[in-house]
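Encoded as structure tokens, the structure appears first; notes follow it.
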Amino acid sequence: MRGTFFGIGVGPGDPELLTVKAIKAIEKVDVLIAPKTEKKEGSVALEIARPYLKEHIEIVYQVFPMVKDFAENTDAWEANKEEILALLNAGKNVAFLTLGDPMFFSTYIYVFRLLEHEDIDIVTIPGVPAFAAIGSRIGRPIVEGNDVLAIIPATAPKERLEEIMKAASSAVIMKVYRNYPEIVDLLHRNNMTEQAVLVSRAGLDDERIIENLEEHADEKLNYLSTILTRRS
Numbered sequence: 068m069r070g071t072f073f074g075i076g077v078g079p080g081d082p083e084l085l086t087v088k089a090i091k092a093i094e095k096v097d098v099l100i101a102p103k104t105e106k107k108e109g110s111v112a113l114e115i116a117r118p119y120l121k122e123h124i125e126i127v128y129q130v131f132p133m134v135k136d137f138a139e140n141t142d143a144w145e146a147n148k149e150e151i152l153a154l155l156n157a158g159k160n161v162a163f164l165t166l167g168d169p170m171f172f173s174t175y176i177y178v179f180r181l182l183e184h185e186d187i188d189i190v191t192i193p194g195v196p197a198f199a200a201i202g203s204r205i206g207r208p209i210v211e212g213n214d215v216l217a218i219i220p221a222t223a224p225k226e227r228l229e230e231i232m233k234a235a236s237s238a239v240i241m242k243v244y245r246n247y248p249e250i251v252d253l254l255h256r257n258n259m260t261e262q263a264v265l266v267s268r269a270g271l272d273d274e275r276i277i278e279n280l281e282e283h284a285d286e287k288l289n290y291l292s293t294i295l296t297r298r299s
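Under the numbering used here, the first residue of the sequence shown carries the number 68, and numbering increases by one thereafter.
Here it is, written out as structure tokens:
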């Protein structure tokens, strides 16, 4: 009998933000898939979930290359898929850990698409997305009243970013990194710098919070970061 595949969102960083359902799933699975990139050792998602791991649980690290187009690494993704299927075919329950929420800008989405047409049971367990945790952490309402919220990937074309900023009352800008100065400039032009806050590594020991973004626009970010803002 095939095992069940679980996609588990572990939240942004604080282990106490895992849901009860996520913890129960982690405690009963046989294998944890811990995603990592080619350049970094270990898995942040695994470390967040570590307080809830049972003794002797099997941990499988899988490398997921950081690319813009999923099709570019078909071989790598297919190899990961086959490894997961082999574990499930052996009757093991397998969990794939992912930061934040599994269906929100997540590597899990691609894994889900690879497996959803297979003859297996898939259970996806939601997690707290980073922007929701950040709003609570810094005491900042994300939307209220008739606000229109835009969730924007900073990797989008500059023209598209500005178009969306002009239409939104409030914005969550995800994946801010090397183009941080350009993002700050766009925020300034759309009257969104005064109430902007940038947070990196939310809930982790090396969490970083930057206010007054224009004064820090020349700083280099070490990690993908999130900006919460609203129009002044």
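Backbone N, C-alpha and C define an ideal beta-carbon position, used for all residues, glycine too.
All of these numbers come straight from a predicted model, not from anything done at the bench.
Residue i, DSSP secondary structure in three states
i: valine 202; result: As written in the sequence, residue 202 is glycine, which differs from the valine given in the question. DSSP places glycine 202 in helix when its eight states are reduced to three.
i: tyrosine 128; result: strand
i: isoleucine 115; result: helix
i: valine 210; result: coil
i: leucine 99; result: strand
i: leucine 84; result: helix
Separation of residue j from residue i, as counted between CA atoms
i: valine 244; j: valine 264; result: In the sequence as displayed, the identity of residue 244 is tyrosine instead of valine. The alpha-carbon atoms of tyrosine 244 and valine 264 are separated by roughly 14 Å.
i: arginine 180; j: glutamate 282; result: 42 Å
i: alanine 269; j: glycine 158; result: 36 Å
i: glutamate 278; j: alanine 284; result: 10 Å
i: alanine 238; j: isoleucine 176; result: 23 Å
i: threonine 296; j: methionine 259; result: 6 Å
i: glutamate 286; j: alanine 223; result: 21 Å
i: glutamate 145; j: glycine 109; result: 21 Å
i: aspartate 142; j: leucine 182; result: 15 Å
i: methionine 68; j: tyrosine 247; result: 50 Å
i: histidine 255; j: alanine 101; result: 39 Å
i: isoleucine 219; j: glutamate 249; result: 14 Å
i: arginine 275; j: glycine 167; result: 17 Å
i: valine 111; j: lysine 103; result: 8 Å
i: leucine 154; j: glutamate 83; result: 29 Å
i: valine 127; j: methionine 232; result: 41 Å
i: leucine 253; j: asparagine 156; result: 50 Å
i: phenylalanine 131; j: valine 178; result: 10 Å
i: phenylalanine 198; j: glutamine 262; result: 15 Å
i: arginine 204; j: valine 266; result: 10 Å
Cβ separation of residue i and residue j, assumed to be a contact under 8 Å, to the nearest whole Å
i: methionine 241; j: phenylalanine 172; result: 6 Å
i: phenylalanine 73; j: isoleucine 192; result: 6 Å
i: lysine 225; j: asparagine 160; result: That pair is no contact at about 45 Å.
i: valine 251; j: leucine 280; result: 5 Å
i: proline 169; j: glycine 76; result: 5 Å
i: leucine 271; j: glycine 80; result: 4 Å
i: glycine 194; j: threonine 86; result: 7 Å
i: alanine 217; j: alanine 235; result: 4 Å
i: glutamate 122; j: valine 98; result: At roughly 14 Å, the Cβ-Cβ gap does not stay under 8 Å, so glutamate 122 and valine 98 are not in contact.
Exercise. Any chance the stretch 211-227 sits against the stretch 87-104, with 3 or more Cβ pairs inside 8 Å?
Worked result: Because the criterion of three Cβ pairs below 8 Å is not met, the stretch 211-227 and the stretch 87-104 do not touch.
Exercise. Quick check: the stretch 141-154 against the stretch 116-124, are there 3 or more CB pairs under 8 Å?
Worked result: Here the stretch 141-154 does not lie against the stretch 116-124, with fewer than 3 beta-carbon pairs under 8 Å apart.
For this session: Can you check the stretch 129-198 for any alpha helix (DSSP H) of at least 4 residues that lies completely inside it and give the ranges in chain order?
Result: For the stretch 129-198, whole alpha helix (DSSP H) runs of length 4 or above, ordered along the chain, are 141-156 and 175-182.
For this session: Counting only runs of 3+ residues fully inside the stretch 209-281, write out the beta strand (DSSP E) ranges in chain order.
Result: Runs of the beta strand (DSSP E) inside the stretch 209-281: 216-220, 237-243, 264-267 and 275-277.
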